[in-house]
Every structure is written in structure tokens, then in C-alpha cells.
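For reference, the structure is listed below as C-alpha cells.
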Amino acid sequence: MFHEIDMQDYHEFLSEILIPEDVLQNRIAEVGAKISRDYHGQDLLLVCILRGGVLFLADLMRHITVPHTLDFMAVSSYGVGARSTTGQARINLDLNTDIHNRNVLLIEDIVDSGYTIKSVMEILSARKPKTLRICALLDKAERREIPVPLDYCGFTIPDKFVFGYGLDIDEYYRNLPFVGVLDIAKYHPEG
Ligand code: IMP
Ligand code: MG
89 MFHEIDMQDY HEFLSEILIP EDVLQNRIAE VGAKISRDYH GQDLLLVCIL RGGVLFLADL
149 MRHITVPHTL DFMAVSSYGV GARSTTGQAR INLDLNTDIH NRNVLLIEDI VDSGYTIKSV
209 MEILSARKPK TLRICALLDK AERREIPVPL DYCGFTIPDK FVFGYGLDID EYYRNLPFVG
269 VLDIAKYHPE G
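Here it is, written out as C-alpha cells:
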């Protein structure tokens with residue numbers, strides 16, 4: 089079914105711009121520089137978690153000066169009940185790269201409860217990479233249910249639903265260049 093929201097209409101349910109474009113880009117440059125220092129002289133594989141991580145990946149990699157390759161992974165998180173049964177997210181798209189003995193850095197848009205990234209870490213660490221670390225743009229720290237070490241983090245944010253810069257509302261608005269807070273009371277997708 090055709091989605092009726094005009095791309096310009098986000099103003100109606102944007103409660104505030106949490107992270108403006110220039111602040112995002114400056115911080116991403118800093119994170120990229122830190123990664124470049126830490127992996128100096130080493131080979132690196134960036135693994136982007138689809139779909140929310142794509143804008144972050146594209147901007148971050150332009151600030152990474154060590155040689156690196158890319159791969160992509162898509163996972164679905166289960167509900168809490170199913171999660172406690174299986175302990176793992178489902179892989180919808182797996183890597184094409186053999187990560188054995190590689191330096192792997194996961195690129196994620198946001199860590200909320202922590203279950204998704206924790207599950208990806210478990211799946212990938214079983215493949216015996218040389219190193220496996222996490223780089224998340226946003227950390228909703230107060231929502232964490234299981235501890236996950238965020239080796240690199242762009243911003244710690246409050247417990248609010250955010251969109252833009254890769255993060256979606258019902259799959260839309262990922263293209264916005266800033267991170268905004270959704271005013272849920274004003275969001276009416278059916279018009
Ligand atoms: P977790 O497993 O609870 O850490 O969930 C992380 C995933 O939930 C992220 O990869 C996002 O896809 C999604 N998510 C969590 N919070 C938000 C948000 O505020 N806006 C958009 N997506 C979110
Ligand atoms: Mg995600």
C-alpha cells in the first residue's frame with residue numbers, strides 16, 4: 089500500500105531536533121579519527137548493521153584512514169519472550185566475508201535494550217575474529233537491559249523515540265540529515 093506521508097511533513101510530528109547535522113558530522117569525524125588511531129597499522133572490516141547504520145557508515149568511513157573493507161548484516165530482534173527462549177536474533181542477511189582472524193568493527197545506529205547487538209556479537213564471535221568491537225552512533229543508556237561494551241559511541245541520548253539519520257519511523261525518514269525526537273501524539277500515518 090502506498091504510504092501517504094509527504095517527506096516534508098515531518099515538521100508536524102518533530103518535537104525537537106536532538107542532534108543537528110553539524111554536531112553529528114563533527115562528532116563522527118572525531119570517532120573516525122579515534123578508530124584510525126586505534127587500528128593504525130592493522131587491517132579492518134566494517135560490518136554495518138542494516139538498515140539503520142547505513143548513513144553513519146557512509147559518513148564515518150570517510151574519516152577512517154586505515155585500510156578497510158565493508159560488509160553488511162541484517163537481523164531481526166525477537167520479542168522478549170522469544171528472546172529468552174532462543175537467546176539470539178534471527179539473521180536475515182549474513183556476511184559474505186570470512187571474518188576468521190579479522191579485526192571486525194560493528195557499525196550500529198542505536199543501542200537500546202542491547203539485545204540486538206549482544207546477539208550479533210554472540211553470532212560473530214563464534215566465527216573467531218581476531219577482534220570484535222562495537223561502534224554505535226547513539227546509546228539509549230537508561231534503557232539497557234543487558235550490558236554491552238560500546239567501544240565507540242557517538243552520543244548518549246535520553247529515552248525518547250528518535251528518527252532521521254538512518255533511523256526510521258515505519259521505514260521512512262531515514263534520509264533526514266539530523267536526529268529528531270518523535271512527538272508520538274502528533275504522528276498519524278493514516279492521514
Ligand atoms: P535493542 O535490541 O533494544 O538494543 O534495539 C536496537 C534496535 O531498535 C536498533 O537497531 C533500532 O533499529 C531500533 N530502535 C531502538 N530505538 C529506536 C529509536 O528511538 N528510533 C528508531 N529505531 C530505534
Ligand atoms: Mg538497527
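Residue numbers for the sequence shown follow my numbering, beginning at 89 and rising by one. Glycine is no exception: its CB is placed at the ideal position from the N, C-alpha and C atoms.
With hydrogens ignored, establish whether the beta-carbon of residue i is closer than 7 Å to any heavy atom of the ligand IMP.
i	result
F251	yes
V325	Past the edges of the chain, shown from 89 to 279, lies residue 325, and the structure says nothing about it.
S103	no
L212	no
Y260	no
E278	no
I205	yes
K122	no
K228	yes
L106	no
L132	no
E100	no
S165	yes
Which one of the options has the shortest CA to CA distance from residue i?
i	options	result
N191	L270, L134 and L183	L134
V35	E230, L183 and N180	No answer is possible for residue 35: the residues shown for the chain start at 89 and end at 279.
D256	L138, I152 and S213	L138
L181	F160, S165 and E196	F160
L264	S164, N114, V142 and H128	V142
K206	V163, Y127, G140 and D271	V163
F266	L225, V236, E278 and P237	L225
C223	E196, H99 and A146	E196
D227	K274, T219, V236 and L220	V236
D131	G140, K218, Y98 and Y275	K218
So the alpha helix (DSSP H) residue i belongs to, where does it begin and stop?
i	result
R190	Counting along the chain, R190 falls outside any alpha helix (DSSP H), and DSSP gives it neither H nor E.
E210	Y203 to S213
D126	E109 to D126
Could you check if residue i belongs to the surroundings of the ligand FAD, using beta carbon to heavy atom distance under 7 Å?
i	result
L220	The model on display carries the ligand IMP and the ligand MG but not the ligand FAD.
In terms of residue numbering, what span does the beta strand (DSSP E) encompassing residue i cover?
i	result
V163	H156 to S164
Subject >> Contact between the region 241 to 255 and the region 103 to 117 (3+ Cβ pairs under 8 Å) >> reply: Short answer: they touch.
Original post:
Per the contact definition of three or more C-beta pairs closer than 8 Å, is the region 251 to 259 in contact with the region 121 to 131?
Top reply: Contact between the region 121 to 131 and the region 251 to 259 is absent, because fewer than three Cβ pairs lie under 8 Å.
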